[in-house]
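Residue numbers for the sequence shown, in the working numbering: 384 to 834. Don't be surprised by glycine CBs; every beta carbon is placed ideally from N, CA and C. No experiment lies behind these values; they were computed from the predicted model shown.
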Amino acid sequence: MKKKLVILIIGVFLGIAPPGWAQSEMEQAKLDIWTETADFVYRDANLPNAGQFNNVSSMAEFVALIKKEDGTSSIYSKLYKPIEDGGFYKQPKAAKDQLKTLVKSIYARLRTNDQRMNDINRRRKLDDLNKQLQQIAADYGVPAATGAPIVQEADALNPDSAHANESFTDPDGTDTDVTAEEKLSSLAKREDSTTSTGNNSMTILALALGLINLVLIYLLNKEIKKQSKRIDQRRIDIDNLAQMVNLPGRTGADTSGKITMSAVENLISRAIAKERETWQTTTNTAGGTPGAQRPIKIAAAAQAPVTPPPVPSNTAPSVVEDSPSEEELLTPPNLVAAAPAPAADKPQSKFARIPVNGGFHEQDLYDTPQHDSIYEIRISRKDPNRAMFRIVTNTSVHRSAIESAYLSLKDACTYQMNNTNATRIVNDEPGVLSQVNGFWKIDRKANVHFE
384 MKKKLVILII GVFLGIAPPG WAQSEMEQAK LDIWTETADF VYRDANLPNA
434 GQFNNVSSMA EFVALIKKED GTSSIYSKLY KPIEDGGFYK QPKAAKDQLK
484 TLVKSIYARL RTNDQRMNDI NRRRKLDDLN KQLQQIAADY GVPAATGAPI
534 VQEADALNPD SAHANESFTD PDGTDTDVTA EEKLSSLAKR EDSTTSTGNN
584 SMTILALALG LINLVLIYLL NKEIKKQSKR IDQRRIDIDN LAQMVNLPGR
634 TGADTSGKIT MSAVENLISR AIAKERETWQ TTTNTAGGTP GAQRPIKIAA
684 AAQAPVTPPP VPSNTAPSVV EDSPSEEELL TPPNLVAAAP APAADKPQSK
734 FARIPVNGGF HEQDLYDTPQ HDSIYEIRIS RKDPNRAMFR IVTNTSVHRS
784 AIESAYLSLK DACTYQMNNT NATRIVNDEP GVLSQVNGFW KIDRKANVHF
834 E
């Protein structure tokens, strides 16, 4: 009798203990999943007391704790309550599948936060949490035969829970399984589509940035080529203007050549006069007298050419003296031509059209103002390598200079283009030039304003 009683007690113990252990292990797995989730939310949002969930020992204690701090973390209202009230993962099926469904539900809820999903580091931590929760669900193990008794015993002990389960399942259970599978598959598809969408969005963003960079590089190169073309065109225009300005200068060069020829003729006439004077000196018997009287003759010839020469003793000398006097008549032009010989004080003013390469070339300067001369250059008498320049006073060229200020004034003058209808340029302060190898370099720009 005692043996039968012991066997009966052992049988009852073996029939009841496994369901109790399974239920306890199920609750512990759920508690581990929820505490890990809450700990992640606290750490992800940089909230204090993230480690307080390590000491929670039951689901009731956990729920009370998240309710208490829901105003700070919103875990209860936005995560726990929607999942638990929905009861989707509680539908009667294998306990391990319930835990896996719970993990997927939590993961899907956490992915709805746009700020978290836009931050790659936070998204990576969320993926790590998902793997950790899946491992907890995978570690849970309950014999398959005990699954039905757990549900049946729970329904027998708690009619309310049985009634609640009826709201999630048909009597035959067929519709529930189909619905559960559809929801599980849709949740898995949503997870995969979300991951692929994130990857696709990053790829599209990278491609868009690459295309934008290519477009910007193309536009930059196009603008550089455009500016280079404009600069080249400006240089061509400047060269053409310089050639046009130098066209009348060729006449000036020819004129200077004529002056040089006249100077040569004067030198020749002087040489002839000197030879004749030497010849006359050697033929005269009185050595120094003709030489002393010669200037007087020249002056007399200049003042009263009708007066006869002072010593008409011989006919031959008179002829000789008449001949030199005719040659000497050439000397007044010689003296007149030599009169500008204060060219030792070379012209103090030069005139130029526009600056080129930051200054004026010597070959582009003129001694007299031209019809299109814009700048007057005054060379220092003390230091011929220094000069000052200013705008000419000829107002007829001011308007054209203002209209082409970028080409005519920009490199040589400082000004404010505040009057687009100006017709006159006023010099405020002259500019300074220094000569280097035939090039007058602008050391300081002139200061002007428009009226």
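Q) Excluding five sequence neighbours on each side, which residues of the same chain lie with their C-beta closer than 6 Å to the C-beta of L748? A) K733 and A735
Q: Enumerate in chain order the residues of its own chain whose CB-to-CB distance from S791 is below 7 Å, with the five nearest sequence positions on each side excluded.
A: I737, I757 and A784
Q.
The beta strand (DSSP E) that contains E812, what's its start and end?
A. In the DSSP assignment, E812 falls within the unbroken beta strand (DSSP E) covering I808 to E812.
Q.
Can you list, in chain order, the residues of its chain with a C-beta nearer than 8 Å to that of L462? Leave out the 5 residues immediately preceding and following it.
A. T420, V424, I489, R492 and L493
Q | Outcome for V775 when other beta-carbon atoms lying within 10 angstroms are tallied against a minimum of 16 | A | buried
**Q.** Alpha carbon of K483 to alpha carbon of A520, nearest angstrom
**A.** 6 Å
Q. Does the distance from the CB of P813 to the CB of N777 come in under 8 Å?
A. no
**Q.** Through-space distance from N596 to I416, alpha-carbon basis
**A.** 46 Å
Q. Among G470, L430 and V815, which residue has its Cα nearest to the Cα of S456?
A. L430
Q: Look at I825 and G741 and say whether their C-beta atoms are less than 8 Å apart.
A: Yes, these two residues count as a Cβ contact at 8 Å.
Q.
On the CB-based measure, 16 or more other CB atoms within 10 Å of its CB, does E759 come out buried or exposed?
A. buried
**Q.** Within-8 Å CB hit, L482 to chain D
**A.** Considering every chain present, this structure includes no chain D. It has just one protein chain.
Q. Are the beta-carbon atoms of M800 and A788 separated by less than 8 Å?
A. yes
Q: Measure the C-alpha to C-alpha separation of F743 and G821 and round it to an integer number of angstroms.
A: 9 Å
(Q) Excluding the 5 residues flanking V815 on each side, which residues of the same chain have their C-beta closer than 7 Å to its C-beta? (A) M771, D826 and R827
Q: Can you give me the start and stop residues for the alpha helix (DSSP H) that M442 sits inside?
A: M442 to K451
Q: Give me the Cα-Cα distance between A443 and T586, rounded to the nearest whole angstrom.
A: 45 Å
**Q.** Cβ separation of E410 and Y523, assumed to be a contact under 8 Å, to the nearest whole Å
**A.** No, E410 and Y523 are not in contact; Cβ-Cβ is about 11 Å, not under 8 Å.
**Q.** Alpha-carbon to alpha-carbon, L650 and E660
**A.** Rounded to whole angstroms, E660 to L650 spans 15 Å at the Cα level.
Q.
Suppose you measure from the CA of V819 to the CA of E745; what does that come to, to the nearest Å?
A. Near 10 Å, if we compare the C-alpha coordinates of E745 and V819.
Q) Using a threshold of 7 Å, is the CB atom of K657 nearer than that to any non-hydrogen atom of the ligand ATP? A) Among the components of this structure there are no ligands whatsoever, and the ligand ATP is therefore not found.
**Q.** For N830, the residue or residues it bridges with in DSSP
**A.** T797 and E812
Q) Are F833 and N810 close, meaning C-beta to C-beta below 8 Å? A) no
Q. Is F396 buried or exposed, if buried means 16 or more other CB atoms sit within 10 Å of its CB?
A. At F396 the pLDDT is 48, less than 50, meaning the model places this residue with poor confidence; the figure from the coordinates comes in the next sentence. By the 16-neighbour rule on beta-carbons within 10 angstroms, F396 is exposed.
Q) Buried or exposed: which applies to T418, given that a residue is buried once 16 or more other Cβ atoms fall within 10 Å of its Cβ? A) Its Cβ being crowded by 16 or more others within 10 Å, T418 is buried.
Q: Output the boundary residues of the beta strand (DSSP E) element that contains I742.
A: The displayed chain sequence assigns Gly, not Ile, to residue 742. Run containing G742: G742 to H744, per the beta strand (DSSP E) assignment.
Q.
Tell me the DSSP secondary structure of R426 in three-state form.
A. helix
Q) Mind checking H754: buried by the 16 CB within 10 Å criterion, or exposed? A) exposed
Q. Taking Cβ to Cβ, would you say D422 is nearer than 8 Å to K508?
A. no
Q: Decide if K609 is buried, meaning its Cβ has at least 16 other Cβ atoms within 10 Å, or exposed.
A: exposed
Q: Rounded to whole angstroms, what's the CA-CA distance from S645 to S652? Just pull it up for me.
A: Approximately 10 Å, taken between the alpha carbons.
Q) Is it right to say Y798 is buried, meaning 16 or more other beta carbons lie within 10 angstroms of its own, or is it exposed? A) buried
Q | Same chain only: Cβ atoms within 6 Å of G469, ignoring 5 sequence neighbours per side | A | none
**Q.** Inter-residue Cα distance where the pair is N437 and L603
**A.** 59 Å
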